[in-house]
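Working notes, beginning with the structure itself.
Numbering (the working numbering), first residue to last: 117 to 252.
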């Protein structure tokens, strides 16, 4: 994928993430429940590894770090991406650089190492088991 298409896709994904987050902030504050759209949970009745991520990010925004961690630790990663990515992409686009693209390619190469991939897959599986135990 070319840089421009890649960056455009990331901008759209980040924008969609902000829309989803703000919609759920309003839904949670007005009715105390967001929309549950996880197709995996609808089919299997089991939560997926990322179930609860939106509520985790909302807890982070509210300043409740412990609640965010207990709901789903992936919320920290998602919040960091939503916070940093738009500025990083804007930096690259304004200065006509490819720092994020280089970071992405380096990270992808790093994650393809068998030991590293095993570690990250294990962490996701542990998080998934935890979500199932919590009956998220």
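Note that beta-carbon positions come from the ideal geometry of N, C-alpha and C, so glycine has one too.
All values reported here derive from a predicted model rather than from experimental measurement.
Answer with buried or exposed for residue i, where buried requires no fewer than 16 other C-beta atoms within 10 angstroms of its C-beta.
i	result
residue 174	buried
residue 187	buried
residue 176	buried
residue 247	buried
residue 172	buried
residue 184	buried
residue 205	buried
residue 178	exposed
residue 166	buried
Nearest-angstrom Cα distance between residue i and residue j?
i	j	result
residue 164	residue 126	23 Å
residue 122	residue 194	18 Å
residue 140	residue 170	8 Å
residue 191	residue 232	21 Å
residue 160	residue 154	10 Å
residue 198	residue 137	10 Å
residue 250	residue 162	11 Å
residue 201	residue 124	12 Å
residue 129	residue 135	10 Å
residue 217	residue 227	15 Å
residue 119	residue 219	13 Å
On the premise that residue j lies in contact with residue i, defined as a C-beta separation below 8 Å, what is that separation, rounded to the nearest angstrom?
i	j	result
residue 208	residue 215	6 Å
residue 189	residue 142	Going by Cβ atoms, the distance from residue 189 to residue 142 rounds to 25 Å, so no, they are not a contact pair.
- prompt: Which parts of the region 118 to 163 are runs of the alpha helix (DSSP H), unbroken and 4 residues or longer, counting only runs that do not cross its ends?
  reply: Complete alpha helix (DSSP H) runs here, min 4: 119 to 147, 155 to 160.
Unbroken stretches of the alpha helix (DSSP H), 4 residues or longer, contained in the region 191 to 249: With a minimum length of 4 residues, the continuous alpha helix (DSSP H) runs that stay inside the region 191 to 249 are 215 to 227.
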